[in-house]
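Trainee: Residue numbers (this note's numbering), protein chains in the order written: chain A, 2 to 291; chain B, 3 to 330; chain C, 64 to 414.
Glycine residues also receive a C-beta, built at the ideal position from the N, C-alpha and C atoms.
Because the structure is a prediction, the values reported are computed rather than measured.
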Amino acid sequence: MTNAAPATANLHSPTGKLRSAWLQPLGLVGATLLLIMIIAALLAPWILPHEPNAQAFGRFLAPNATNWFGTDQLGRDIFSRVVHGARVSMPYALQLVVMAAVIGTIAGAIAGYFGGWIDGVIMRAADLVMAFPDIILAMAVVAALGPNLFNAVLAVVVVSWPIYARVVRSLILTLRDEPYVQSSRLLGASSGRALWKDIRPNVAGPVVVLAALEYGHAVLILSGLSFLGLGAQPPTAEWGSMVSEGAKYFDKWWMSAFPGLAILVVVLAANFLGDTLRDAFDPKSAKAFR
Amino acid sequence: MSEAPLVSIENLTISLPGNNGGRLFPVRDVSLSIGAGEIVGLAGESGSGKTITALSLLGLLPPGGRMSGHIRFGGQDLLTLRPREMADVRGRDIAMVFQDPMTALHPMLSIEKQLTEHLRHHRGIDARAARTRAIELLELVRIPDAARALKRYPHQFSGGMRQRIAIAIALCCEPQLLIADEPTTALDVTVQAGILRLLQQLRGELGLSVLLITHDMGVMSALSDRVVIMYAGRVVETGTRTDVLQHPRHPYTHSLLGALPHEQGDDMLLQPMRGTPPSIGALPPGCPFHPRCDWAEGRCRDIEPGLRVVEADRGIACVVDPLVGVPA
Amino acid sequence: MQQPVKRAWYALPSLVRFIIRRLAIGVLLCVGVTLVSFTLTQVVPGDPVAASLGDQASSDPETVAAFRQRFGLDKPLPEQYLIYVTNLAQGNFGESLQTRRPVADDLAKYMSATLELSLVAMTIAMLAGVALGIIAAVNRDRWPDQVIRVISLAGVSVPTFWLSLVCLYVFFFQLGWSPGVGRLSPGAAAPMNLTGLYTVDALLTGNWKTLGSALAHLALPAMVLAIYTIGAITRFTRAAMLDAFQQDYVRAARAKGMPERTVVMRHVLRPALASIITVSGMAFGRMLGGAVLVESVFSWPGLGEYAYRSALALDLRAIMGVSLVIAAVYILVNLLVDILYAVVDPRIRLS
Chain A
2 MTNAAPATAN
12 LHSPTGKLRS
22 AWLQPLGLVG
32 ATLLLIMIIA
42 ALLAPWILPH
52 EPNAQAFGRF
62 LAPNATNWFG
72 TDQLGRDIFS
82 RVVHGARVSM
92 PYALQLVVMA
102 AVIGTIAGAI
112 AGYFGGWIDG
122 VIMRAADLVM
132 AFPDIILAMA
142 VVAALGPNLF
152 NAVLAVVVVS
162 WPIYARVVRS
172 LILTLRDEPY
182 VQSSRLLGAS
192 SGRALWKDIR
202 PNVAGPVVVL
212 AALEYGHAVL
222 ILSGLSFLGL
232 GAQPPTAEWG
242 SMVSEGAKYF
252 DKWWMSAFPG
262 LAILVVVLAA
272 NFLGDTLRDA
282 FDPKSAKAFR
Chain B
3 MSEAPLVSIE
13 NLTISLPGNN
23 GGRLFPVRDV
33 SLSIGAGEIV
43 GLAGESGSGK
53 TITALSLLGL
63 LPPGGRMSGH
73 IRFGGQDLLT
83 LRPREMADVR
93 GRDIAMVFQD
103 PMTALHPMLS
113 IEKQLTEHLR
123 HHRGIDARAA
133 RTRAIELLEL
143 VRIPDAARAL
153 KRYPHQFSGG
163 MRQRIAIAIA
173 LCCEPQLLIA
183 DEPTTALDVT
193 VQAGILRLLQ
203 QLRGELGLSV
213 LLITHDMGVM
223 SALSDRVVIM
233 YAGRVVETGT
243 RTDVLQHPRH
253 PYTHSLLGAL
263 PHEQGDDMLL
273 QPMRGTPPSI
283 GALPPGCPFH
293 PRCDWAEGRC
303 RDIEPGLRVV
313 EADRGIACVV
323 DPLVGVPA
Chain C
64 MQQPVKRAWY
74 ALPSLVRFII
84 RRLAIGVLLC
94 VGVTLVSFTL
104 TQVVPGDPVA
114 ASLGDQASSD
124 PETVAAFRQR
134 FGLDKPLPEQ
144 YLIYVTNLAQ
154 GNFGESLQTR
164 RPVADDLAKY
174 MSATLELSLV
184 AMTIAMLAGV
194 ALGIIAAVNR
204 DRWPDQVIRV
214 ISLAGVSVPT
224 FWLSLVCLYV
234 FFFQLGWSPG
244 VGRLSPGAAA
254 PMNLTGLYTV
264 DALLTGNWKT
274 LGSALAHLAL
284 PAMVLAIYTI
294 GAITRFTRAA
304 MLDAFQQDYV
314 RAARAKGMPE
324 RTVVMRHVLR
334 PALASIITVS
344 GMAFGRMLGG
354 AVLVESVFSW
364 PGLGEYAYRS
374 ALALDLRAIM
384 GVSLVIAAVY
394 ILVNLLVDIL
404 YAVVDPRIRL
414 S
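1. Buried or exposed for residue 43 of chain A, please, with buried defined as at least 16 other CB atoms from any protein chain shown within 10 angstroms of its CB.
2. Buried or exposed, going by whether 16 or more other CB atoms sit within 10 Å of the CB of residue 73 of chain C?
3. With DSSP as the reference, identify every bridge partner of residue 102 of chain C, one or two as the case may be.
4. Kindly identify the DSSP beta-bridge partner or partners of residue 229 of chain B.
5. Which residues in the same chain have their Cβ closer than 7 Å to the Cβ of residue 57 of chain B, if we skip the five residues on either side of it in sequence?
6. Tell me the DSSP secondary structure of residue 35 of chain B in three-state form.
7. State yes or no: is the beta carbon of residue 260 of chain B nearer than 9 Å to at least one beta carbon in chain C?
8. Taking contact to mean at least 3 C-beta pairs separated by less than 8 Å, is the region 34 to 52 of chain B in contact with the region 90 to 97 of chain B?
9. How long is the line joining the alpha carbons of residue 249 of chain B and residue 235 of chain B, rounded to whole angstroms?
10. Can you confirm whether residue 53 of chain A, when its beta carbon is compared against all beta carbons of chain C, has any partner nearer than 9 Å?
11. At a Cβ threshold of 9 Å, is residue 225 of chain C touching chain A?
12. Indicate the three-state DSSP secondary structure (helix, strand or coil) for residue 58 of chain A in the structure shown.
13. Identify the contact partners of residue 408 of chain C in chain B, using a Cβ-Cβ distance below 8 Å as the criterion.
14. List the residues of chain C whose Cβ lies closer than 7 Å to the Cβ of residue 94 of chain B, in chain order.
15. Please list the residues of the region 130 to 146 of chain A that have a C-beta atom closer than 7 Å to any C-beta atom in chain C, keeping them in chain order.
16. Rounded to whole angstroms, what's the CA-CA distance from residue 300 of chain B to residue 304 of chain C? Just pull it up for me.
17. Output yes if chain C places a C-beta closer than 9 Å to the C-beta of residue 73 of chain A; else output no.
18. Return the bridge partner residues of residue 78 of chain B from the DSSP annotation.
19. So what does residue 181 of chain B bridge to, in DSSP terms?
20. Would you report the Cα separation of residue 95 of chain C and residue 224 of chain A, rounded to the nearest angstrom?
21. Is DSSP giving residue 78 of chain A helix, strand or coil here?
22. Whether or not the region 312 to 322 of chain C and the region 92 to 108 of chain A are in contact is what I'm after, with contact meaning three or more pairs of Cβ atoms, one per stretch, closer than 8 Å; do they touch?
23. Looking at C-alpha atoms only, which residue of C:276, C:223 and C:257 is the closest neighbour of residue 246 of chain C?
24. Between which residues of its own chain and residue 53 of chain A is the CB-CB distance below 6 Å, once the five residues before and five after are set aside?
25. Chain C beta carbons: is any one of them nearer than 9 Å to that of residue 100 of chain B?
26. Taking Cβ positions only, does residue 217 of chain A come closer than 9 Å to chain C?
27. Per DSSP, which one or two residues make a beta bridge with residue 335 of chain B?
28. Would the region 232 to 248 of chain C and the region 268 to 283 of chain C be scored as touching if the rule is three or more Cβ pairs under 8 Å?
29. Cβ of residue 356 of chain C less than 9 Å from any chain A Cβ?
30. Quick one: what's got a C-beta closer than 8 Å to residue 91 of chain A's C-beta in the same chain, skipping five residues either side?
31. For residue 301 of chain C and chain E, any beta-carbon pair shorter than 9 Å?
32. Considering just the uninterrupted stretch of the beta strand (DSSP E) at residue 294 of chain C, what are its terminal residues?
33. What first and last residue would you give for the alpha helix (DSSP H) that runs through residue 312 of chain B?
34. Let me see if you follow: with CB-CB separation under 9 Å, is residue 128 of chain B close to chain C or not?
35. Can you tell me whether residue 143 of chain A is buried or exposed? The criterion is at least 16 other CB atoms within 10 Å of its CB, across all chains shown.
36. Inspect the beta-carbon positions of residue 108 of chain A and residue 156 of chain A and report whether they are closer than 9 Å.
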């Protein structure tokens with residue numbers, strides 16, 4: 002094979018190795034970034050030089066050696082506030098995703114497994130909710146319940162569960178007819194048992210991937226609601242409300258820039274990770290070549 | 003054969019990127035030729051390399067694939083052509099019909115579009131002339147109501163008709179060679195005969211050469227003039243249809259034909275082959291067939307036999323050659 | 064159904080029947096939305112009276128009673144609902160508690176602002192997203208693909224409200240390229256009200272100066288609003304194209320000797336476009352939601368702002384009006400998407 006002529010019509014790219022090799026670093030970067038932020042958030046009270054709510058400094062100081070991100074209108078250190086913001090935004094977003102995933106999965110499982118009118122009702126409810134732009138609906142719910150971060154989480158859960166329900170339902174519909182599920186039912190397993198033992202393992206993976214992909218979106222929408230004043234209330238150091246406060250003092254750019262940057266970094270990292278997870282789990286997208 | 007063959011594949015070796023960075027060789031040192039107006043059947047099990055050999059004639063290997071050897075056609079070596087030149091050969095001089103007409107025809111383009119686009123590309127004729135030619139072709143493959151069929155879409159036709167349309171598409175630019183990759187496998191048995199008959203008629207009417215790829219020996223015997231048998235990426239036997247199918251000389255061919263249901267006296271016999279074909283990534287040493295061969299000897303493990311010409315127009319790749327004179 | 068009606072029905076072209084069926088479903092959905100939003104506003108644990116009148120006025124029983132009577136809040140619920148729906152059918156959305164104007168007028172005014180912003184942003188997003196997605200798919204795993212994937216990932220990760228502020232700061236405050244917030248410069252007169260879309264109205268009336276100003280004000284918010292959707296559409300287009308590339312008919316097209324460019328644009332793009340169109344309906348819905356954040360920063364007098372203020376003030380009629388309008392827009396957009404899909408994919412059209 003010394004003088005192999007290169008094949009004509011060489012379609013896309015060299016080898017599959019390059020593709021998966023590229024994805025790994027990005028996934029690693031995402032995971033590392035997230036880990037850093039989580040650790041920083043957990044250790045914040047001990048490692049931070051300044052208190053987030055202490056009005057200890059001059060007001061409106063630009064970033065300097067003591068106050069890396071500058072200070073706000075009450076003389077509070079923004080760097081500390083931003084790091085503390087991670088203790089607010091990130092866990093609440095996680096809570097949101099978990100709740101939506103659980104509710105959505107249960108709804109989708111019931112709809113998919115039992116079919117009939119239950120399926121119809123659940124799916125029409127899902128369609129109706131999905132028909133609304135999520136922020137607007139969340140706004141309505143928060144307005145009804147009262148503006149605070151927990152209610153914001155509830156509101157977004159109301160808006161987010163349908164996507165899990167849809168995915169789980171279609172998974173269950175394909176799995177329900179699989180031979181191994183049917184044989185287990187024939188052997189006397191009840192519906193619940195079949196659902197739990199045979200179907201659940203196959204559903205868990207895609208749901209986790211979906212949750213990872215949705216986490217970034219959760220952070221974005223929660224901070225968006227806080228930005229509008231419908232989420233976290235002062236003096237809580239939440240990134241969205243910090244951006245909103247900073248907007249009032251437009252020329253003091255550091256007040257809005259850094260909290261928003263924090264949001265961007267977390268969401269980006271979560272999306273990197275989610276993408277990598279999805280490609281790892283989905284055989285179609287990873288190895289396809291012709 | 004006094005005249006030069008239409009297509010001559012010489013010592014073709016194809017390599018593909020393997021899963022762990024190495025390379026696989028699904029086709030090794032394959033040589034075969036096709037004469038003008040001849041139907042050559044290329045047979046073998048899945049994984050024998052027959053489809054990828056056919057694709058190499060069109061230069062359509064998967065990404066990362068490489069070829070060495072020669073493919074002589076029309077006075078050129080196709081392996082030396084630049085991509086643009088190869089694209090000119092495709093569809094115009096050599097055309098292909100694929101196995102599943104449902105997926106090979108584009109679901110969203112009209113029949114007229116699919117018939118005329120390459121015709122207009124290769125020949126630069128205008129829409130009206132292309133349309134006339136398209137109708138001509140549909141009539142050639144016996145599609146009723148050709149003018150209305152042009153405006154329809156593939157999903158509106160039955161499987162057999164779709165394959166006829168695919169054949170019409172392949173013949174648009176009057177190619178000299180038609181490659182038919184398992185043209186009847188995806189079709190109902192009742193429809194298969196019609197397609198085979200059509201191919202025969204086209205050979206007669208147009209002087210078309212056909213490379214017929216199949217794993218179905220019945221189809222082979224119905225249609226081919228000459229037969230090429232492949233196993234694990236190599237040619238193991240070639241010859242005329244009568245010779246190979248009635249007097250197989252390679253142990254693999256013998257077992258293959260023996261595995262077909264056949265009568266012996268009052269009984270219907272079915273003698274399956276033992277073992278399974280090797281995967282390209284894990285070939286046995288020496289002759290790839292020897293683990294399953296009833297006549298294997300020690301030396302079969304040491305040498306990978308090349309194709310030997312044993313008579314006029316007859317070749318086998320076996321060092322033992324145990325079946326001289328033995329009928330099937 | 065009676066025989067003659069049935070015959071007449073099937074005599075219509077399939078596309079028309081398709082549209083009528085979808086419209087009927089749409090109307091039903093709208094009715095569903097009115098029911099849901101009406102019910103939701105009733106379970107709101109707040110007293111709209113108190114929210115509108117303030118503490119002092121609401122402690123006076125007579126004022127409260129007058130207020131309730133004026134806005135029909137003293138009637139039984141089902142009756143309130145029926146009255147509401149009949150009024151709706153006549154185009155009467157009720158009166159807004161905060162602005163004291165007919166909700167229908169408010170909606171018209173604010174909706175056209177949001178519509179203008181969203182339509183421009185959507186157009187930008189579709190053009191840029193599809194183009195980038197095609198480039199990425201064709202160059203799979205080579206550097207253009209890597210770059211585009213990172214860019215699109217960043218696009219869906221950026222907080223819109225923050226980006227609005229950053230862009231405003233950089234392009235208006237520092238560089239002076241953008242004219243700042245609002246639809247027109249302060250003190251400038253709006254063009255004659257034909258469609259409510261300032262750009263279109265200015266164009267139709269030949270008012271070039273206003274057209275220029277409106278476009279300049281539209282540019283920055285539209286771009287910011289488009290960013291998320293560009294990211295989403297790019298990713299989706301890339302995936303849909305890659306999927307289409309795997310199909311047999313692409314290999315068959317190459318086997319015919321068609322040049323790669325034609326294969327991509329005619330054989331690969333078409334089925335991909337079908338799924339892209341479907342997704343863009345949902346993307347537009349999401350964008351309408353995101354518009355709230357952009358409108359807030361750019362002082363764009365749009366539906367988002369209106370919805371937000373109504374939500375805070377518990378202005379029930381207004382909230383219901385907004386919900387209905389948004390749902391109607393969404394349904395209409397999806398109808399459009401379904402029709403486009405039928406145009407692109409003959410299998411749907413001809414079954």
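Mentor: The structure says:
1. In the first sequence, counting from the first residue as 1, residue 43 of chain A sits at position 42. Exposed.
2. In the third sequence, residue 73 of chain C corresponds to position 10, counting from 1. By the 16-neighbour rule on beta-carbons within 10 angstroms, residue 73 of chain C is exposed.
3. As a position in the third sequence, residue 102 of chain C is number 39, starting the count at 1. Answer is none; residue 102 of chain C lacks a bridge partner.
4. Here residue 229 of chain B is taken as the residue at index 227 of the second sequence, counted from 1. Residue 229 of chain B is bridged to B:43 and B:241.
5. Taking the first residue of the second sequence as position 1, residue 57 of chain B is located at position 55. Residues of the same chain with a CB within less than 7 Å of the CB of residue 57 of chain B, apart from the 5 flanking positions on each side, are 63 in chain order.
6. Here residue 35 of chain B refers to the residue found at position 33 of the second sequence. Strand, per DSSP.
7. In the second sequence, the residue the question calls residue 260 of chain B occupies position 258. For residue 260 of chain B, no CB of chain C lies under 9 Å from its own CB, so it is not counted at the interface with that chain.
8. Verdict: no, contact absent.
9. For this step, residue 249 of chain B is matched to residue 247 along the second sequence. For this step, residue 235 of chain B is matched to residue 233 along the second sequence. Computed Cα separation, rounded: 23 Å.
10. What you label residue 53 of chain A is simply residue 52 of the first sequence in a count that begins at 1. Contact with chain C is absent for residue 53 of chain A, since none of that chain's Cβ atoms lies less than 9 Å from the residue's Cβ.
11. Here residue 225 of chain C is taken as the residue at index 162 of the third sequence, counted from 1. Yes, residue 225 of chain C lies at the interface with chain A (some Cβ there is under 9 Å from its Cβ).
12. By 1-based counting over the first sequence, the position of residue 58 of chain A is 57. In this structure, residue 58 of chain A counts as coil in the three-state DSSP scheme.
13. The sequence position of residue 408 of chain C within the third sequence is 345, counting from 1. Identification of chain B residues near residue 408 of chain C by a Cβ-Cβ cut-off of 8 Å yields 109 and 110, ordered along the chain.
14. Locating residue 94 of chain B in the second sequence gives position 92, where the first residue counts as 1. Within 7 Å Cβ-Cβ: 320.
15. Flagged, chain order: 132, 133, 134, 135, 136, 137, 140, 141, 144 and 145.
16. To locate residue 300 of chain B, count along the second sequence from 1; it is residue 298. To locate residue 304 of chain C, count along the third sequence from 1; it is residue 241. C-alpha of residue 300 of chain B to C-alpha of residue 304 of chain C: approximately 53 Å in a straight line.
17. For this step, residue 73 of chain A is matched to residue 72 along the first sequence. No, residue 73 of chain A lies away from the interface with chain C (no Cβ there is under 9 Å from its Cβ).
18. Locating residue 78 of chain B in the second sequence gives position 76, where the first residue counts as 1. Bridge partners of residue 78 of chain B: B:75.
19. Residue 181 of chain B sits at position 179 when you count from the first residue of the second sequence. Its beta-bridge partners are B:98 and B:213.
20. Here the question's residue 95 of chain C lines up with position 32 in the third sequence. Here the question's residue 224 of chain A lines up with position 223 in the first sequence. Cα atoms of residue 95 of chain C and residue 224 of chain A: separation of roughly 31 Å, rounded to the nearest angstrom.
21. For this step, residue 78 of chain A is matched to residue 77 along the first sequence. If DSSP states are grouped into helix, strand and coil, residue 78 of chain A belongs with the strands.
22. Cβ pair count under 8 Å is below three, so no.
23. Counting from 1 along the third sequence, the entry for residue 246 of chain C is found at position 183. Ranking C:276, C:223 and C:257 by Cα distance to residue 246 of chain C puts C:276 first.
24. As a working note, residue 53 of chain A is residue 52 in the first sequence. Closer than 6 Å at the Cβ level, and outside the excluded window around residue 53 of chain A, lie 81, 82, 85 and 238.
25. Reading the second sequence from its first residue, position 98 is the one you call residue 100 of chain B. Cβ-Cβ to chain C under 9 Å: yes for residue 100 of chain B.
26. On the first sequence, position 216 is the one that residue 217 of chain A refers to. Chain C, which has a Cβ nearer than 9 Å to the Cβ of residue 217 of chain A, makes this yes.
27. The structure shown has nothing for residue 335 of chain B, since chain B only spans 3 to 330.
28. Yes: the two stretches touch, three or more of their Cβ pairs being nearer than 8 Å.
29. Here residue 356 of chain C refers to the residue found at position 293 of the third sequence. Look at residue 356 of chain C: its C-beta is under 9 Å from a C-beta on chain A.
30. Your numbering for residue 91 of chain A matches position 90 in the first sequence. So the list reads 38, 39, 42, 220 and 267, once near-sequence residues are dropped.
31. Protein chains in the displayed structure are A, B and C, and chain E is not among them.
32. Residue 294 of chain C sits at position 231 when you count from the first residue of the third sequence. Careful: residue 294 of chain C lies outside any beta strand (DSSP E), inside the alpha helix (DSSP H) at 271 to 308.
33. Here the question's residue 312 of chain B lines up with position 310 in the second sequence. Looking at the DSSP string, residue 312 of chain B is not in any alpha helix (DSSP H); the run it does join, the beta strand (DSSP E), is 310 to 313.
34. For the purposes of this step, residue 128 of chain B is taken as residue 126 along the second sequence, with counting starting at 1. Taking Cβ atoms only, chain C never reaches closer than 9 Å to residue 128 of chain B, which makes this a no.
35. Reading the first sequence from its first residue, position 142 is the one you call residue 143 of chain A. With 16 or more other Cβ atoms inside 10 Å of its own Cβ, residue 143 of chain A counts as buried.
36. Here residue 108 of chain A refers to the residue found at position 107 of the first sequence. Here residue 156 of chain A refers to the residue found at position 155 of the first sequence. Not closer than 9 Å, so no.
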